[in-house]
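S.K.: 0 is the number of the first residue of the sequence shown in numbering that gives the first Met the number 0; add one for each residue after it. Note that beta-carbon positions come from the ideal geometry of N, C-alpha and C, so glycine has one too. What follows is a structure written as structure tokens; I'll ask about it next.
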Amino acid sequence: MPKSGDLWLVNETYEIKWTSLSKAKYVVIELYRKNTLKKIISSRTENDGSFFYNVHSDLASSNLYKIKISNFDNREETATSNYFSIRQ
Numbered sequence: 000m001p002k003s004g005d006l007w008l009v010n011e012t013y014e015i016k017w018t019s020l021s022k023a024k025y026v027v028i029e030l031y032r033k034n035t036l037k038k039i040i041s042s043r044t045e046n047d048g049s050f051f052y053n054v055h056s057d058l059a060s061s062n063l064y065k066i067k068i069s070n071f072d073n074r075e076e077t078a079t080s081n082y083f084s085i086r087q
């Protein structure tokens with residue numbers, strides 16, 4: 000997952016990495032700014048610890064983005080990154 004202080008640029012592709020959540024077969028990957036959902040990066044992807052994401056150009060520049068990964072079958076089981084930046 001992104002680390003605090005990381006900078007992602009729009010129209011660039013980044014790898015989102017995580018430690019697999021329990022025995023979940025699939026996860027949901029979401030992008031938040033503060034506590035507001037901005038994008039569902041993947042509504043269902045294999046829980047293999049890696050996903051490549053191209054940053055959409057419609058996202059506003061901010062230092063307050065975070066990634067949230069949830070178990071597809073149990074949305075209470077989550078992992079959240081630290082805040083990182085997205086810039087135009």
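1) Could you please give the first and the last residue of the uninterrupted beta strand (DSSP E) stretch that includes R32?
2) For Q87, collect the residues of the same chain with a Cβ closer than 6 Å to its Cβ; drop the 5 residues on either side in sequence, then sort them by chain order.
3) On the premise that I28 lies in contact with I85, defined as a C-beta separation below 8 Å, what is that separation, rounded to the nearest angstrom?
4) What is the rounded straight-line gap between the Cα of K38 and the Cα of K22?
5) Count the CB pairs spanning the stretch 75-82 and the stretch 37-54 that are closer than 8 Å, and state whether there are at least three.
6) Do the CB positions of N81 and S3 come within less than 8 Å of each other?
M.R.: With the given structure in hand:
1) DSSP places R32 in the uninterrupted beta strand (DSSP E) bounded by 25-32.
2) Taken in chain order, the residues that qualify are V9, S60.
3) With 8 Å as the limit, I85 and I28 do not qualify as a contact, their Cβ atoms being about 15 Å apart.
4) 25 Å
5) no
6) yes
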